[in-house]
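Offset between the sequence shown (1-based) and the numbering used here: plus 1.
Worksheet: one structure, shown below.
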Amino acid sequence: MKKEERYLFPADYMADPSVHVFNGRLYIYPSHDRESGIPENDNGDHFDMNDYHVLSTDDVMHGEITDHGVALRVADIPWAGRQLWDCDIACKDGKYYLYFPLKDRNDIFRMGVAIGDRPEGPFIPQPDPVRGSYSIDMAVFRDDDGSHYIYFGGIWGGQLQRYRDNKAIENPHLPADDEPALPSRVVKLADNMLEFAEEPRPVIILGEDGKPLTAGDPHRFFEASWMHKYNGKYYLSYSTGDTHLLCYAVADNPYGPFTYQGVILTPVVGWTTHHSIAEYKGKWYLFHHDCVPSGGKTWLRSLKVVELEYDENGKIITIEGSDDISKFGQRY
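What follows is the structure, given as structure tokens:
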């Protein structure tokens with residue numbers, strides 16, 4: 002039997018949901034898709050988002066979804082170029098820190114920080130990007146000791162292939178299929194939440210043989226890191242990009258190495274798969290998106306949620322998506 006799903010916000014196209022619970026209420030921080038008229042390409046230029054909205058609810062599967070309106074715009078950010086992609090948020094000492102990727106005026110992705118007094122914003126951006134930041138897909142994780150970590154990185158349009166050892170290289174390239182895959186990055190945040198406390202580290206995913214997954218492995222990392230903790234274990238989940246899966250790996254600490262465990266979500270309609278995992282009122286949920294309502298337009302995505310379950314060994318039970326748009330009717 003197919004699990005119950007819900008389109009969270011039929012009124013608009015939004016994607017890449019980062020989800021957190023603040024003050025007993027569930028908040029969703031999505032990117033905001035729009036029709037920009039830019040042709041599709043492998044650099045993702047057609048994903049030309051220019052603001053964020055914040056959504057919230059107190060009933061994930063059946064309750065009203067409140068749109069709190071625009072929380073941050075490209076036009077508000079002093080160093081902005083273009084493309085305000087996915088974001089994530091953390092709360093510390095009553096302040097809310099929104100972390101976002103944005104291309105600067107040289108068309109290089111950097112990470113910005115904007116600060117608000119409420120989880121719904123508005124958020125005031127810092128005057129400059131975070132020093133040493135690069136690439137996309139920021140996911141913030143607060144560990145039990147109060148430390149905060151950011152996981153980030155995405156290849157192709159996310160520009161991760163332009164860097165080795167946190168330095169830009171002259172000839173960006175992807176590894177061969179039999180070489181270790183490009184890893185995402187993790188970095189601990191400084192106490193002020195505005196800087197890196199250390200150099201970003203590679204997030205290594207090992208296969209059953211104890212060796213890093215290769216670039217040709219369909220389960221290797223591509224983009225969209227997320228971190229959550231379950232029964233004392235660290236669950237790194239991520240998108241495989243051009244193989245269209247959500248997968249996960251597990252470790253005993255936030256840096257890894259992580260050992261590959263399996264597929265969370267099989268392919269859905271649309272090229273990208275980007276998600277978050279959160280617990281609310283005793284249940285776990287997978288938040289993600291697909292392109293069914295737009296008729297398969299990969300740059301016009303719609304937020305979805307489905308309950309996520311674990312087996313007795315802590316393995317995530319695979320959720321079946323559908324990449325056959327003929328099975329669906331259009332929403333509009």
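A virtual CB, placed ideally from N, CA and C, is assigned to each residue, including glycine.
In the DSSP annotation of this structure, Pro-268 is not part of any beta strand (DSSP E), being labelled neither H nor E.
Fewer than three Cβ pairs drawn from the region 209-228 and the region 292-299 lie within less than 8 Å of each other, which leaves the two stretches out of contact.
CA-to-CA, the gap between Leu-214 and Ser-19 works out to about 26 Å. Take Tyr-8, set aside five residues on each side of it, and the residues of its chain with a beta-carbon closer than 8 Å to its own are Pro-294, Ser-303, Leu-304, Lys-305, Arg-332, in chain order.
By the neighbour-count definition (other C-beta atoms within 10 Å, threshold 16), Ser-148 is an exposed residue.
One thing to note: Asp-87 has its Cβ within 8 Å of the Cβ of His-275.
In this structure, Pro-258 is the residue among Leu-56, His-21, Pro-258 with its C-alpha nearest to the C-alpha of Leu-207.
With distances taken between CA atoms, Tyr-239 lies nearest to Leu-247 out of Leu-247, Asn-232, Gly-233. Beta-bridge partners of Leu-85 (DSSP): Leu-103.
Counting along the chain, the unbroken beta strand (DSSP E) around Gly-113 starts and ends at 110-117. DSSP places Gly-70 inside the beta strand (DSSP E), whose first and last residues are 67-74.
Taking C-alpha positions only, Tyr-286 is separated from Gly-211 by approximately 30 Å.
When Cβ pairs closer than 8 Å are counted between the two stretches, the region 96-107 is seen to touch the region 119-127, the count reaching three or more. For the pair Ile-116 and Gly-233, the Cα-to-Cα distance works out to about 30 Å.
Short of 6 Å from the beta carbon of Glu-224, and not among the five residues preceding or following it, lie these beta carbons of its own chain, in chain order: Asp-138, Gly-155, Gly-159, Ser-240, Gly-242. Cβ neighbours of Tyr-235 within its own chain (closer than 6 Å, five residues either side excluded): Ala-252, Pro-255. By alpha-carbon distance to Ile-320, the top candidate from Lys-282, Thr-273, Thr-267, Cys-92 is Thr-267. Take the alpha-carbon of Gly-283 and the one of Val-307: they are about 14 Å apart. Per the DSSP secondary-structure output, Ala-12 pairs with nothing in a beta bridge. Put simply, the backbone Cα of His-290 is about 24 Å away from that of Gly-25.
Within the region 190-259, the complete beta strand (DSSP E) runs of at least 3 residues fall at 202-204, 224-231, 234-240, 247-252.
Excluding its 5 nearest sequence neighbours in each direction, Asp-43 has C-beta neighbours in its own chain below 6 Å: Trp-157, listed in chain order. Along the length of the region 4-62, whole beta strand (DSSP E) runs at least 3 residues long occupy 6-8, 15-23, 26-33, 52-58, reported in chain order. Nearest C-alpha to Tyr-261 among Ile-317, Gln-162, Val-270: Ile-317. Between Ala-91 and Met-228 a beta carbon distance of about 12 Å is seen, past the 8 Å cut, so the two are scored as non-contacting.
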